[in-house]
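Below is one structure, written out as structure tokens; the observations come after it.
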Ligand SMILES: [Zn+2]
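Residue numbers (full-length UniProt numbering): 1 to 349.
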């Protein structure tokens with residue numbers, strides 16, 4: 001049986017399945033791509049054929065435009081199988097954002113699972129992560145691959161936000177969140193916590209909320225913040241891209257409370273540096289415990305780490321007898337909670 005490293009290779013364009021002649025989440029335009037989810041560092045424009053879940057394809061069309069979301073779109077639902085040049089391909093939910101999926105590949109009895117980005121904490125806006133057991137190689141991210149990263153329960157963070165809103169009824173809470181995934185999850189969690197009032201959105205966040213709703217995720221009463229009178233936003237919750245939370249856009253609101261929802265808010269320094277008054281630790285990526293538990297549950301004897309904090313994770317796996325390999329894939333981790341979160345690139349999200 002061929003080892004996956006003989007048929008799934010690291011190339012400058014990303015992971016390439018040689019016998020199937022397709023890439024998973026390629027970083028440059030290719031003839032055939034399989035896409036794990038709609039974040040811009042995974043779903044890039046101008047591929048030939050794109051295979052992904054129907055939700056990911058819809059998100060790609062919404063973000064990239066019909067003309068650039070793949071010349072040919074091939075929807076594949078979790079549970080269905082396609083065969084490409086003898087390579088079996090199927091998808092399993094990854095629990096990261098709506099439509100996110102792990103790509104399972106099998107060639108001549110050898111099996112690899114490319115998990116993309118994932119988390120294990122339940123998310124009301126997407127299907128939960130499903131463990132694919134029995135693979136020879138499990139490919140994982142490691143955005144939060146350090147023992148210091150242990151995400152609190154999302155409900156606690158939402159309660160923190162609502163407590164602050166109750167404490168400062170005259171102020172406007174502006175919560176920074178990524179346009180795809182975090183924004184809709186935040187809204188859904190607020191609804192679950194009983195917040196039924198309108199939620200106001202910066203214009204950059206509206207289109208994907210509409211896409212989510214069209215795909216069956218109900219988000220309640222959403223309104224454009226720019227159209228609102230300043231008075232209407234007193235005591236309200238406004239969501240905006242992270243880059244504008246502490247900027248002029250937010251300062252025109254009534255005594256705004258700057259909040260930011262991100263796994264990185266665990267790091268006090270980052271919150272402070274960005275002028276965030278109320279950090280909310282809400283991550284769409286697995287934390288240290290989830291990464292290790294997931295790796296163990298797959299039973300994979302070998303794990304490849306695409307990007308993030310790979311050394312600690314590879315070391316921890318080694319102690320459990322699992323062979324770890326850091327792939328250092330370039331171009332991943334640029335959206336949502338990637339390293340670029342601290343830089344200017346996030347504005348594009
Ligand atoms: Zn992602």
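All residues carry an ideal CB built from backbone N, CA and C; glycine is no exception.
Pull up the distance between the alpha-carbon of residue i and that of residue j, whole angstroms please.
i           : j           : result
residue 106 : residue 264 : 35 angstroms
residue 37  : residue 230 : 37 angstroms
residue 208 : residue 59  : 7 angstroms
residue 194 : residue 222 : 15 angstroms
residue 9   : residue 50  : 19 angstroms
residue 138 : residue 175 : 35 angstroms
residue 273 : residue 82  : 48 angstroms
residue 225 : residue 251 : 13 angstroms
residue 323 : residue 293 : 15 angstroms
residue 47  : residue 156 : 41 angstroms
residue 90  : residue 301 : 21 angstroms
residue 45  : residue 167 : 45 angstroms
residue 285 : residue 178 : 13 angstroms
residue 120 : residue 71  : 33 angstroms
residue 267 : residue 108 : 45 angstroms
residue 350 : residue 12  : Since the first residue of the chain shown is 1 and the last is 349, residue 350 is not available in this structure.
residue 68  : residue 333 : 21 angstroms
residue 80  : residue 181 : 24 angstroms
residue 312 : residue 232 : 48 angstroms
residue 128 : residue 17  : 26 angstroms
residue 283 : residue 328 : 22 angstroms
residue 154 : residue 160 : 10 angstroms
residue 101 : residue 319 : 29 angstroms
residue 307 : residue 248 : 34 angstroms
residue 206 : residue 63  : 12 angstroms
Quick one: what's got a C-beta closer than 7 angstroms to residue i's C-beta in the same chain, skipping five residues either side?
i           : result
residue 133 : 298, 299
residue 341 : Only weak support is given to the placement of residue 341: the predicted model assigns it a pLDDT of 45, under 50, and the question is left unresolved by the model.
residue 162 : 193, 195
residue 21  : 32, 85
residue 125 : 98, 184, 185, 188, 212, 217
residue 321 : none
residue 158 : 189, 190, 193
residue 356 : A query on residue 356 cannot be resolved here, the shown segment of the chain reaching from 1 to 349 and no further.
residue 204 : 179, 241
residue 244 : 202, 250
residue 73  : 50, 57
Spatial neighbours of residue i within its chain, please: CB distance less than 8 angstroms, with the 5 preceding and 5 following residues excluded, ordered by chain position.
i           : result
residue 170 : 234, 235, 254, 255
residue 201 : 183, 209, 222, 223, 224, 225, 238, 239, 240
residue 110 : 1, 2, 3, 4, 7, 136
residue 148 : 266, 288
residue 356 : Since the first residue of the chain shown is 1 and the last is 349, residue 356 is not available in this structure.
Assuming residue i and residue j form a contact by the criterion Cβ under 8 angstroms, report the distance between their Cβ atoms to the nearest whole angstrom.
i           : j           : result
residue 98  : residue 130 : Actually they are not in contact, since the Cβ atoms of residue 98 and residue 130 sit about 15 angstroms apart, beyond 8 angstroms.
residue 4   : residue 112 : 4 angstroms
residue 246 : residue 227 : Not really, about 22 angstroms apart at Cβ, beyond 8 angstroms.
residue 184 : residue 217 : 6 angstroms
residue 239 : residue 186 : 7 angstroms
residue 92  : residue 78  : 6 angstroms
residue 336 : residue 39  : 6 angstroms
residue 172 : residue 291 : At roughly 37 angstroms, the Cβ-Cβ gap does not stay under 8 angstroms, so residue 172 and residue 291 are not in contact.
residue 281 : residue 122 : Contact doesn't hold; Cβ gap of about 16 angstroms is too wide.
residue 96  : residue 116 : 7 angstroms
Taking 6 angstroms as the limit between beta carbons, can you name the residues of its chain near residue i, skipping five residues before and five after?
i           : result
residue 309 : 142, 145, 146
residue 220 : 191
residue 75  : 54, 57
residue 198 : 221, 223
residue 330 : none
residue 315 : none
residue 24  : 15, 34, 103, 114
residue 350 : Residue 350 lies beyond the stretch modelled for the chain, which goes from 1 to 349, so this question has no answer here.
residue 325 : 304
residue 61  : 69
residue 271 : 265, 279
residue 52  : 35
Pull the bridge partners of residue i from the DSSP assignment, please.
i           : result
residue 208 : For residue 208, which the question treats as bridged, DSSP gives no partner whatsoever.
residue 140 : 305
residue 260 : 176, 279
residue 112 : 105, 137
residue 183 : DSSP output for residue 183 lists no bridge partner at all.
residue 200 : 223, 238
residue 87  : 84
residue 269 : According to DSSP, residue 269 bridges with nothing at all.
residue 288 : In the DSSP output, where bridge partners are listed per residue, residue 288 has none listed.
residue 75  : 52
residue 314 : For residue 314, which the question treats as bridged, DSSP gives no partner whatsoever.
residue 93  : 101
residue 14  : 11
residue 24  : 15, 34
residue 324 : 303
Listed by chain order, which residues have C-beta atoms less than 5 angstroms from any heavy atom of ligand 1? 39, 117, 336
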